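All residue numbers for the sequence shown refer to the working numbering, where the first residue is 19 and numbers rise by one. A virtual CB, placed ideally from N, CA and C, is assigned to each residue, including glycine. Computed from a prediction, not measured in an experiment: that's the story for all the values here. Shown next, in structure tokens, is the structure this report addresses.
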Amino acid sequence: MMLDERYEFKLINKLSSKIKISRPCVVGIGDDCSVEELNDQFYQITTTDLLIEGIHFLKEQITPYELGQKSIEVTISDIAAMGGTPKSIFLSLGIPNKFNEQYLEDFFKGIAEVCNKYHIDLRGGDTSKSLEHFFINVLVQGSIKKENLKLRSTAKNQDIVCVSGNIGDSLIGLKVILEELETKNNNYFINKHNCPKAQIKEAHFLANFSEVHSMIDISDGIMNDIQHICTQSNLGVNIELGKIPVSSEFSELFKHNDLKRFQMSLESGEEYQILFTISPGAFNRISHAYQSFFNKEIYPIGTMTKDTNIKFSLNNKSVELDIKPFHHFGKKNEKI
Ligand code: ADP
Ligand code: MG
């Protein structure tokens with residue numbers, strides 16, 4: 019069995035079709051979080067993430083403190099993707115016998131740092147021995163003002179597709195860690211891969227605008243995640259390759275190969291920037307408001323289309339690209 023994304027969705031469908039829905043919710047399986055009624059003004063939103071040693075992280079390649087931080091940041095990123103605020107977590111751990119206490123002490127420091135930063139409470143969890151690997155599961159509950167909820171399914175034709183920051187460094191970091199690539203800036207890229215930051219405040223700000231129609235966080239790469247918005251909104255997209263924002267460290271690697279640069283930035287997962295769509299008439303206003311609030315930009319990278327394909331263009335010419343799915347450590351990514 020090869021657990022690729024298509025098969026994953028088949029499995030989830032198989033499982034969910036066997037369970038009768040007894041209390042319909044606002045949004046069930048299929049978006050970044052599930053959504054339920056909380057009170058007159060707010061929904062409760064819930065999401066969970068699994069980090070497995072050897073698949074999502076290599077124990078020797080990330081410090082326990084960074085791993086603690088990352089476990090929370092990547093999970094609350096799905097709360098950001100709906101426009102919400104994280105409130106509480108349940109933390110479950112499978113701990114191998116060989117662990118030393120100092121490792122866990124540092125891991126908890128990382129967990130606590132992010133929880134304290136966002137005023138997130140620890141409400142429970144489960145702790146067990148594990149035979150060999152370290153397992154981390156975080157469940158996060160949050161809330162969102164009803165009118166601010168953003169879904170994958172609500173993008174509109176002609177919406178401008180935007181991202182909240184540079185894309186690509188995380189994939190390079192992964193390749194450096196896997197020793198598939200050597201760069202002048204190895205530590206910079208490794209840090210981008212090991213220490214992602216959920217865009218909680220940024221997404222919360224954007225969610226206040228009714229003209230922001232749809233949002234998702236980039237966990238599996240722009241290509242993969244825009245595909246979710248397209249499928250669920252029954253639309254397509256035209257991505258203008260030259261507009262995808264990248265760091266100077268990233269672009270320096272591809273000075274002589276633009277197409278490779280575009281391919282890498284579309285494939286790069288674990289970015290945790292927000293990908294969102296804005297009504298074209300509101301783009302300037304929202305972009306200025308964002309710029310004056312955060313002193314940084316949002317980046318338009320394309321347009322939603324009625325035609326349901328995903329297309330790429332460069333200087334108004336269409337371009338063909340072969341985009342591969344993003345893998346964590348479980349499988350080799352393509353060599354550059
Ligand atoms: P994300 O990348 O934002 O974490 P995914 O694309 O991985 O989201 O997941 C898509 C949807 O499938 C989510 O709503 C998630 O809760 C759901 N899902 C994933 N695995 C399972 C599972 N084993 N059982 C039920 N739902 C699942
Ligand atoms: Mg997500």
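If you draw a straight line from the Cα of Val194 to the Cα of Glu270, it is about 15 Å long. In the three-state reduction of the DSSP assignment, Tyr83 falls in the helix class, which pools H, G and I. By the beta-carbon neighbour count (other beta carbons within 10 angstroms, threshold 16), Ser182 is buried. Judged by the Cβ position, Ser148 fails to qualify as a neighbour of the ligand ADP at the 8 Å threshold, every heavy atom of the ligand being at least this far. DSSP, reduced to helix, strand and coil, places His246 within a helical segment of the structure shown. Here Glu71 is bridged, per DSSP, to Phe75. For Val132, the enclosing alpha helix (DSSP H) covers residues Glu119 to Tyr136. Scanning the segment 152-211 for uninterrupted alpha helix (DSSP H) segments of 4 residues or longer gives 187-195, listed from N- to C-terminal end. Ranking Glu119, Lys105 and Gly128 by CA distance to the CA of Arg141 puts Lys105 first. Between Asn242 and Phe344 the beta-carbon gap is near 7 Å, inside 8 Å, which marks them as a contact.
In summary, Asn212 is buried, with 16 or more beta-carbon neighbours lying within 10 Å of its beta-carbon over all protein chains present. Under DSSP, Ile292 takes part in a beta bridge, and its partners are Asp235.
Fewer than three pairs of CB atoms, one per stretch, sit closer than 8 Å, so the segment 316-324 makes no contact with the segment 120-134. Asn118 and Arg303 have their C-alpha atoms roughly 53 Å apart. Ordered by chain, the residues meeting the criterion of a beta-carbon within less than 7 Å of a non-hydrogen atom of the ligand MG are Asp50, Ser95, Asp96, Ala99, Ile234, Asp235 and Ser237. With a contact defined as Cβ atoms closer than 8 Å, Ile113 and Phe152 qualify at about 7 Å.
In the DSSP annotation of this structure, the continuous segment of the beta strand (DSSP E) that includes Ser52 starts and ends at Ser52 to Glu55.
In the three-state reduction of the DSSP assignment, Ser106 falls in the strand class. Of the candidates Asp96, Tyr317, Glu198 and Leu109, the residue whose Cα lies closest to the Cα of Gly86 is Leu109.
The closest heavy atom of the ligand ADP lies 8 Å or more from the beta carbon of Thr172.
Note on the segment 293-340: whole beta strand (DSSP E) runs with a minimum of 3 residues are 317-323, 328-332 and 335-337, in chain order. At the C-beta level, Asp177 and Asp50 stay beyond 9 Å of one another. The ligand ADP approaches Ser34 closely enough that one of its heavy atoms is under 8 Å from the residue's Cβ. DSSP places Lys219 outside any beta strand (DSSP E); the residue lies instead in the alpha helix (DSSP H), whose first and last residues are Ile218 to Ala225.
Between the ligand ADP and the CB of Asp67, the shortest heavy atom gap is smaller than 8 Å. Assigned with DSSP and collapsed to three states, Ser286 falls in coil, not helix or strand.
Taking C-beta separations shorter than 7 Å and ignoring five residues to either side along the sequence, the partners of Gln79 in its chain run Ile195, following chain order. Residue nearest to Ile218 within the set Leu199, His137, Gly287 and Glu338 is His137 (criterion: CA-CA distance). A direct Cα-Cα distance of roughly 25 Å separates Lys163 from Asn175. With a cut-off of 8 Å on Cβ pairs, the segment 282-297 is in contact with the segment 221-230, counting three or more such pairs. Close CB contacts of Ile73 within its chain, under the 8 Å cut and outside five residues either way in sequence, are with His346, Phe347 and Gly348 (chain order).
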